[in-house]
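In this note's numbering, the protein residues as written are 654 to 845.
Single-structure report; data block below.
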């Protein structure tokens, strides 16, 4: 059960259809929060994954030698660099390649996996579930940041840990999950 359950709408797990649910919340375009209760969350998630087109992606939370963190601005939102894993590519390898391509820098060191997140969107009329594997990364260079414009990235910028309110106010829920795992939300004003 979520905290502040009165702010959430309960969804019927027994008759749940992911495509219908997705269409309904997109049509309403409201800022609503939902929860559903089920006996086995992993089994339920596997059922959802089988009902949509899966895409595997990877990205990173990059820290420089000044203790700042790298963010990108794409599609009018702050985000972390990430992208689809190419055929035959490992998750860590894909994460590093995507960060380097999207930001114009060379990663100095790959770290451990932070978490994985899920988000959905429509692609060519099909509902897609993107699983993104997030990794800690370090950058020790001095290259000028260069946004990958052809990917819709208009800004690449370093932020100090205590200065991410700008990010928190205009990002995706999956990015909030990564920030939470990195304990970066302690000094910020969080939405619900």
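C-beta: ideal position from N, C-alpha, C; glycine also.
Q: Would you kindly work out how many angstroms separate the C-alpha atoms of residue 728 and residue 825, rounded to a whole number?
A: 11 Å
**Q.** Straight-line Cα distance separating residue 693 from residue 674
**A.** 20 Å
Q. By the 10 Å Cβ neighbour count, where 16 or more other Cβ atoms means buried, how is residue 778 classified, buried or exposed?
A. exposed
Q | Rounded separation between residue 746 and residue 736 - CA only | A | 11 Å
Q.
In this structure, how does DSSP classify residue 756 when only helix, strand and coil are distinguished?
A. helix
Q. Thinking C-beta only, is residue 734 closer than 7 Å to residue 716?
A. no
Q | Residue of 672, 838 and 829 minimising C-alpha distance to residue 773 | A | 672
Q: Assign residue 767 to one of two classes, buried (16 or more other C-beta atoms within 10 Å of its C-beta) or exposed (fewer than that).
A: buried
Q | Contained beta strand (DSSP E) runs [length at least 3] in the segment 729-804, N- to C-terminal order | A | 730-732, 735-737, 762-776 and 779-792
Q. DSSP on residue 714, reduced to helix/strand/coil?
A. strand
Q: Would you identify the three-state DSSP class for residue 709, choosing helix, strand or coil?
A: strand
Q: Pick out whichever of 720, 712 and 797 has its Cα sitting closest to the Cα of residue 744.
A: 712
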